[in-house]
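Numbering (our numbering), first residue to last: 1 to 192.
Single-structure report; data block below.
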């Protein structure tokens, strides 16, 4: 896969489900190959459950390797998987993405495609309590997610696509925990 990505100039999204030291070893191989081929910024580990099972020092070493190599990570915030060291990843500058790879499927019958609800689950599973942590979960699901879908700018700023969801909430943390009805959804500035 790495050879193909190098020759074709494309990225790689590796779904890594193995846990413990086997998963950690696979992370090391991913980091090594990413560095060797100069694929930084084009390699993503999806799921990557192993990193949540490892002792703190082992987690730290892998996170540093991911940061140096330019490897990102994405999650679907599964309720039965080890907790990602979200704070450690974010503090290291590792891009963290949130999404779904199935709405209602054999792995989880609880999904409905609602990214605000998924951000709520990420916040819950990460132990978020403070307003900043709740806001961070929303940013992972929204603004920060732009890079994962090829958008250099994905925020409420001049020049960004006018993709906006309006909800009745006093602030971002309230929107996250209340998941109010979407009063208005704009895509490219057009109501949908």
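Just so it is clear, CB atoms sit at the ideal spot from N, CA and C, and this is done for glycine as well.
Taking 7 Å as the limit between beta carbons, can you name the residues of its chain near residue i, skipping five residues before and five after?
| i | result |
| --- | --- |
| residue 178 | 169 |
| residue 18 | 26 and 50 |
| residue 58 | 24 |
| residue 117 | 179 |
| residue 159 | 153 |
| residue 147 | 95 |
Kindly list the residues whose CB is nearer than 8 Å to the CB of residue i, restricted to its own chain and excluding five residues on each side of it in sequence; keep chain order.
| i | result |
| --- | --- |
| residue 60 | 88 |
| residue 145 | 97, 98, 99 and 154 |
| residue 185 | 164, 165, 166, 191 and 192 |
| residue 181 | 167 and 168 |
Look at residue i and residue j and say whether their C-beta atoms are less than 8 Å apart.
| i | j | result |
| --- | --- | --- |
| residue 119 | residue 98 | yes |
| residue 188 | residue 152 | no |
| residue 81 | residue 54 | no |
| residue 140 | residue 96 | yes |
| residue 103 | residue 66 | no |
| residue 63 | residue 101 | no |
| residue 5 | residue 39 | yes |
| residue 137 | residue 84 | no |
| residue 173 | residue 135 | yes |
| residue 48 | residue 73 | yes |
| residue 111 | residue 78 | no |
Applying the 10 Å Cβ sphere with the 16-neighbour rule, what's the burial state of residue i?
| i | result |
| --- | --- |
| residue 16 | buried |
| residue 27 | buried |
| residue 1 | exposed |
| residue 166 | exposed |
| residue 183 | exposed |
| residue 156 | exposed |
| residue 122 | buried |
| residue 69 | buried |
| residue 45 | buried |
| residue 86 | buried |
| residue 125 | buried |
Who are the near neighbours of residue i in its chain, counting only those whose CB is closer than 6 Å to its CB and skipping five residues on each side?
| i | result |
| --- | --- |
| residue 43 | 12, 34 and 71 |
| residue 10 | none |
Would you say the beta carbon of residue i is closer than 7 Å to some non-hydrogen atom of the ligand NAD?
| i | result |
| --- | --- |
| residue 23 | Absence of the ligand NAD is noted for the structure shown, with no ligands found whatsoever. |
Could you name each continuous beta strand (DSSP E) segment of 3 residues or more that falls completely within the segment 126 to 175, going from the start of the chain to the end?
164 to 167
Length-filtered (4 minimum) alpha helix (DSSP H) runs lying within the segment 67 to 134
86 to 91 and 115 to 125
Report the start-end ranges of each alpha helix (DSSP H) in the segment 18 to 76 that is 4 residues or longer and not cut off at the edges.
20 to 37 and 56 to 69
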